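Take the sequence shown: its letter number 17 is residue 17 in full-length UniProt numbering, and every next letter is one higher. To start, the structure itself, in structure tokens.
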Amino acid sequence: MQFVPLELAQELWKATPELNWSAFYDRVQERLEKGPAIEGVNPTTLLQSVKYLSQIGTPFPLSAQDLYKVLNEQIQNRTL
1 MQFVPLELAQ
11 ELWKATPELN
21 WSAFYDRVQE
31 RLEKGPAIEG
41 VNPTTLLQSV
51 KYLSQIGTPF
61 PLSAQDLYKV
71 LNEQIQNRTL
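Structure (structure tokens):
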């Protein structure tokens, strides 16, 4: 079962002051490029999930905890 660790959601949320999916997608890509590897979730699945959330107009979460929940719900839906 794939999941986004809470610590990663917190790190990426703090790195995205713009509070939008486009900027968040960029932060995820930057994080993947600089490493270390992300544990728990396939990087492609994570990027696809972020892109999908943006495309369907999901409001960007206003807290790291909410981001964690939204990402993990989407990843679970994609990997069932």
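Where is the CB? At the ideal position from N, CA and C, for every residue including glycine. What you are looking at is a predicted structure, and each value in this text was computed from that prediction instead of being measured.
9 Å Cβ cutoff met for residue i and residue j
i     : j     : result
Gln65 : Phe3  : no
Thr48 : Arg78 : Here the sequence assigns Gln to residue 48, which means Thr is not the residue at that position. Yes, these two residues count as a Cβ contact at 9 Å.
Val28 : Leu6  : no
Trp13 : Thr58 : no
Gly40 : Leu67 : no
Residue burial classification, residue i (beta-carbon count within 10 angstroms, cutoff 16)
i     : result
Leu80 : exposed
Leu19 : exposed
Ala37 : exposed
Sequence-distant residues of its chain with Cβ nearer than 7 Å to residue i (five each side left out)
i     : result
Pro43 : Leu32
Of the listed residues the options, nearest to residue i (C-alpha basis)
i     : options                    : result
Leu62 : Pro5, Met1, Phe24          : Phe24
Lys34 : Met1, Phe60, Asp26         : Asp26
Glu30 : Tyr52, Ala15, Leu71, Leu67 : Ala15
Opening and closing residue of the alpha helix (DSSP H) in which residue i lies
i     : result
Gln10 : 6–14
Ser22 : 21–34
Ile75 : 64–79
Thr45 : 43–55
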